[in-house]
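Undergrad: If you read the sequences in order, they're chains U and P.
Just so we're aligned, residue 502 is where the first sequence starts under the working numbering, counting upward by one.
Just so we're aligned, residue 502 is where the second sequence starts under the working numbering, counting upward by one.
From the three backbone atoms N, C-alpha and C, an ideal C-beta is built for every residue, glycine too.
There are 2 protein chains.
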Amino acid sequence: MNELELVDRLRKMAGIGRKTGRGVIRGIGDDCAVFRPKAGEDLLLKTDQLIEGIHFPKSMPPDAAGERALARALSDIAAAGGDPRCCLVALAVPRSKSDRWILSFFHGLLRLARRSGTVLAGGDLAHDDKAHCSVMVVGAVKRGKALTRAGARPGDQLCVSGRLGKPWDQPIEPRLALGRKLAGKATACIDLSDGLSLDLHRLCKESHVAAKVERIPMVRGASLKRALHGGEDYELLFTLPPRMKPPAGTTRIGAIMRGKAGTVWFKGKKLAPRGYDHFER
Amino acid sequence: MNELELVDRLRKMAGIGRKTGRGVIRGIGDDCAVFRPKAGEDLLLKTDQLIEGIHFPKSMPPDAAGERALARALSDIAAAGGDPRCCLVALAVPRSKSDRWILSFFHGLLRLARRSGTVLAGGDLAHDDKAHCSVMVVGAVKRGKALTRAGARPGDQLCVSGRLGKPWDQPIEPRLALGRKLAGKATACIDLSDGLSLDLHRLCKESHVAAKVERIPMVRGASLKRALHGGEDYELLFTLPPRMKPPAGTTRIGAIMRGKAGTVWFKGKKLAPRGYDHFER
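(1) Assuming ALA572(U) contacts ILE673(U) (C-beta within less than 8 angstroms), just tell me the rounded distance between them.
(2) Just mark GLU733(U) as buried or exposed, buried being the case when its beta carbon has 16 or more other beta carbons within 10 Å.
(3) Looking at the secondary structure, which residues open and close the alpha helix (DSSP H) in which LEU772(P) lies?
(4) Buried or exposed: where does ALA773(U) fall if 16 or more other Cβ atoms within 10 Å of its Cβ makes it buried?
(5) Pairing CB atoms from the region 749-768 of chain P with CB atoms from the region 700-712 of chain P, are three or more of them under 8 angstroms?
(6) Considering just the uninterrupted stretch of the beta strand (DSSP E) at PRO585(U), what are its terminal residues?
(7) Using the Cα positions of ARG616(P) and ARG644(U), report the straight-line distance between them to the nearest angstrom.
(8) What is the DSSP secondary structure of ALA540(P), reduced to helix, strand or coil?
(9) Would you mind telling me which residues of chain U sit closer than 8 angstroms to CYS705(P), beta carbon to beta carbon, in chain order?
(10) Considering Cα atoms alone, identify which of LEU589(U), ILE754(U), LYS513(U), ASP692(U) is closest to ALA580(U).
(11) Which residues in chain U have a C-beta closer than 8 angstroms to the C-beta of ILE673(P)? List them in chain order.
(12) Give me the subset of the region 527-540 of chain U whose CB atoms are less than 8 angstroms from a CB atom of chain P, sorted by chain position.
(13) Would you mind reading off the limits of the alpha helix (DSSP H) that contains LYS643(P)?
(14) List the residues of chain P whose Cβ lies closer than 9 angstroms to the Cβ of VAL639(U), in chain order.
(15) List the DSSP bridge partners of GLN550(P).
(16) In chain order, which alpha helix (DSSP H) runs of at least 4 residues are fully inside the region 661-697 of chain P?
(17) With a cut-off of 8 angstroms on the beta carbons, I'd call LEU729(P) and GLN658(P) a contact; round off their distance for me.
(18) If you run the structure through DSSP and keep just helix, strand and coil, what is VAL525(P)?
(19) Apart from the five residues just before and just after ILE757(P), which ones in its own chain have a Cβ nearer than 7 angstroms to its Cβ?
(20) May I ask you to list, following chain order, the residues of the region 566-580 of chain U that have a beta carbon less than 8 angstroms from some beta carbon of chain P?
(21) With DSSP run on the structure shown, which of helix, strand or coil describes ARG601(U)?
(22) Touch check for the region 558-571 of chain U and the region 673-691 of chain P: three-plus C-beta pairs under 8 angstroms?
(23) Going along chain P, which residues have a C-beta under 7 angstroms from SER698(U)?
(24) Taking a Cβ distance cut-off of 8 angstroms, strictly less, list which residues of the region 588-602 of chain U are near chain P, in chain order.
(25) Just the Cα atoms here: how many angstroms apart are GLN671(U) and LEU575(U)?
(26) With 8 angstroms as the limit, tell me which residues of the region 606-629 of chain U have their beta carbon closer than that to any beta carbon of chain P; keep them in chain order.
(27) How is the beta strand (DSSP E) around ARG716(U) delimited, first residue to last?
(28) With a Cβ-Cβ cutoff of 9 angstroms, do VAL714(U) and LYS667(U) count as a contact?
(29) Taking the alpha helix (DSSP H) that MET514(P) belongs to, which residues open and close that run?
(30) Mind the definition here: the region 621-629 of chain U touches the region 717-727 of chain U only if three or more C-beta pairs lie below 8 angstroms; say whether that holds.
(31) Just to make sure I have the definition right: I need the residues of chain P whose C-beta is within less than 9 angstroms of the C-beta of ILE757(U). Which are they?
(32) Note down, in chain order, each residue of its chain lying with its Cβ closer than 6 angstroms to the Cβ of ARG775(U), except the 5 sequence neighbours on either side.
(33) Taking only beta-carbon atoms, is GLY769(P) less than 9 angstroms away from chain U?
(34) Cβ atoms of ARG650(U) and GLY663(U): under 9 angstroms apart, would you say?
(35) Does the beta carbon of PRO563(P) come closer than 9 angstroms to any beta carbon on chain A?
(36) Under the DSSP definition of a beta bridge, which residues are partnered with ASP625(U)?
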């Protein structure tokens, strides 16, 4: 297929053309997608990269890679308390990959897109030496209610969803329902994509507070090291006012304290931010 | 620098933190950027890739590459008649590139961002074998006034801005002022990023019409082949109702006709869409 044929095929797969939705009034096939915001909503914007050999192995089935590419970005929309609306996908693939690979990649991505109410509204295709995907997602949240990393206060409870220490190639299920529940309640929130120690450090730094971690719910068989510093849990780490009950499926793991911004204590010792840093040299 | 330090530095360079603007109420440094739309506006969404060795040579100075990455996406906002508001930048670089290279890339990108009123609101950093940048831009246009490829009607004038056949490594100046002028006047519009023959074919296909080209304003020294099929002019190709005067700096080059959707005639002969197709095999 050439680019025109491929785009035509993707347009059909995305279901745009027959009907748009979720605010997308013009989708795939034009210079820009056109999105009509609803009154009283703020928009959340996020971009994330998925690179072959770095964020997924060459051996991963293309539909799983496509689903993962979108899941990573949706996890950030969840962390901001938002509802996903649409996405744009920039994909570069080596010439050795077949049209079938590309279509299967989008098949996986669109599976999660449909499940989460995210319209594939546009994108860009190119060739490169290896597969490289950037997904940009637009989410929406009630005006002024977006969760950020910046609102945690001393005395707040520190909570996490699910269990930590997952193997890095586990499928990601973005915590969208929980994020929406937390919007307007949690004082700060971040998704665990680079490891508890680094992501909690980031949340504390933005909030100008310190934190102590007392316990960590772990998946069966995980090492403490993986649960503290492993990079691919995609659970939500959030803070709640002192007496608010943590939602079902979440655990109180510690508390926010006064202290040097970004300091994290684990069982009485300082915990260094050692999660996955893409630019550590 | 590690990732935290680099992001801090970019945040300072982008001027977010001290002040946000253009609708961006939370920028670099959180899971998502938060954007507050204005009432009565539609948003334009566009993503575009710039890959080392494909869209720019390894020898290009990093600031020129950064400027080019944003310019390509802004050209699409111009083609939709929009006003740019903010952008997200996903950048992957090889470990061999210095921090200075990365900062210089963003320096060039931010130069154009400031000139065009585009706030750098977020992004993502990673390592890859070669530099690979995806820019996502959000623009705004009066509700219902976005220009698309789909509105050209038989009898419309076919016009182009500037002169065609530029060498591919010329700096790009996105035609934003012209785009805004055309919004609500032009019946269809596209930016010339893949060559006149292919981009006009696309416009005609989406509008279900044919077109004839009678003359082409060319840059000094350009070949007719480059002007017809060369891929990097970044001028606007648009259609106007029959008696409307083309704006200053633009030329009437032909007309829209009834006919098989996508057919283009040049001086009495059919013109094959031969511009740059990223997926031609």
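TA: Based on what the coordinates show:
(1) For the purposes of this step, residue 572(U) is taken as the residue at position 71 of the first sequence. For the purposes of this step, residue 673(U) is taken as the residue at position 172 of the first sequence. At roughly 4 angstroms, the Cβ-Cβ gap stays under 8 angstroms, so ALA572(U) and ILE673(U) are in contact.
(2) Taking the first sequence and counting its residues from 1, the one referred to as residue 733(U) is at position 232. So GLU733(U) ends up on the buried side.
(3) Taking the first residue of the second sequence as position 1, residue 772(P) is located at position 271. Note, LEU772(P): premise wrong, no alpha helix (DSSP H); not H, not E.
(4) On the first sequence, residue 773(U) is found 272 positions in, with the first residue counted as 1. Exposed: under 16 other Cβ atoms inside 10 Å.
(5) yes
(6) As a first step, residue 585(U) is located in the first sequence; it is residue number 84 there, counting from the start. Unbroken beta strand (DSSP E) run through PRO585(U): 584-594.
(7) Residue mapping note: residue 616(P) aligns to position 115 of the second sequence, counting from 1. Residue mapping note: residue 644(U) aligns to position 143 of the first sequence, counting from 1. Taking the straight line joining both Cα atoms gives about 29 angstroms.
(8) As a working note, residue 540(P) is residue 39 in the second sequence. DSSP places ALA540(P) in coil when its eight states are reduced to three.
(9) Taking the first residue of the second sequence as 1, we reach residue 705(P) at position 204. Near CYS705(P) there are no residues of chain U at all, since even the closest Cβ is about 12 angstroms away, more than 8 angstroms.
(10) Indexing the first sequence from 1 puts residue 580(U) at position 79. Considering only alpha carbons, the answer is ASP692(U).
(11) Against the second sequence, residue 673(P) aligns to sequence position 172. Within 8 angstroms Cβ-Cβ: nothing; ILE673(P) doesn't reach chain U, min ~15 angstroms.
(12) ARG527, GLY530, ASP531, ASP532, CYS533, ALA534, VAL535, PHE536, ARG537, PRO538, ALA540
(13) Within the second sequence, residue 643(P) is the residue found at index 142, counting from 1. Per DSSP, LYS643(P) belongs to no alpha helix (DSSP H); it is in the beta strand (DSSP E), 633-643.
(14) In the first sequence, the residue the question calls residue 639(U) occupies position 138. By Cβ distance, chain P contributes PHE536, LEU544, LEU546, VAL639.
(15) In the second sequence, residue 550(P) corresponds to position 49, counting from 1. Looking at the DSSP assignment, GLN550(P) forms a beta bridge with SER635(P).
(16) 677-683
(17) Along the second sequence, read from residue 1 onward, the residue named residue 729(P) stands at position 228. Along the second sequence, read from residue 1 onward, the residue named residue 658(P) stands at position 157. Their Cβ separation, rounded to whole angstroms, is 19 angstroms, which puts LEU729(P) and GLN658(P) out of contact at 8 angstroms.
(18) Residue numbering aside, residue 525(P) sits at position 24 when the second sequence is read from its first letter. Strand at VAL525(P).
(19) Indexing the second sequence from 1 puts residue 757(P) at position 256. If we look at ILE757(P) and ignore the five residues flanking it on each side, its Cβ neighbours are ALA653, ARG654, PRO655, GLY656, ASP657, LEU659, VAL710, ALA712, THR740.
(20) ASP577, ILE578, ALA580
(21) Translated into the one-based positions of the first sequence, residue 601(U) becomes position 100. Helix.
(22) no
(23) Residue mapping note: residue 698(U) aligns to position 197 of the first sequence, counting from 1. Under the 7 angstroms cutoff, chain P gives no residues; its nearest Cβ is about 13 angstroms from SER698(U).
(24) LEU589, VAL590, ALA591, ALA593, ARG596
(25) On the first sequence, residue 671(U) is found 170 positions in, with the first residue counted as 1. On the first sequence, residue 575(U) is found 74 positions in, with the first residue counted as 1. Whole-angstrom Cα-Cα distance: 16 angstroms.
(26) ALA622, GLY623, GLY624, ASP625, LEU626, ALA627, HIS628, ASP629
(27) Taking the first sequence and counting its residues from 1, one reaches residue 716(U) at position 215. Element bounds for ARG716(U): n/a, residue is neither H nor E.
(28) Taking the first residue of the first sequence as 1, we reach residue 714(U) at position 213. Taking the first residue of the first sequence as 1, we reach residue 667(U) at position 166. Going by C-beta atoms, VAL714(U) is not nearer than 9 angstroms to LYS667(U).
(29) Here residue 514(P) refers to the residue found at position 13 when the second sequence is read from its first residue. Per DSSP, MET514(P) belongs to the alpha helix (DSSP H) from 504-515.
(30) no
(31) Within the first sequence, numbered from 1, the residue matching residue 757(U) stands at position 256. Ordered by position in chain P, no residue passes the 9 angstroms Cβ test against ILE757(U), which lies about 17 angstroms from the chain.
(32) In the first sequence, counting from the first residue as 1, residue 775(U) sits at position 274. These residues qualify, in order along the chain: SER698, HIS730.
(33) Within the second sequence, residue 769(P) is the residue found at index 268, counting from 1. Not an interface residue.
(34) Walking along the first sequence from the start, residue 663(U) turns up at place 162. Walking along the first sequence from the start, residue 650(U) turns up at place 149. Their beta carbons are not under 9 angstroms apart, which means GLY663(U) does not touch ARG650(U) by this criterion.
(35) The structure shown has no chain A; the protein chains it does contain are U and P.
(36) Numbered from 1 along the first sequence, position 124 holds the residue referred to as residue 625(U). BP columns for ASP625(U) point to ALA591(U).
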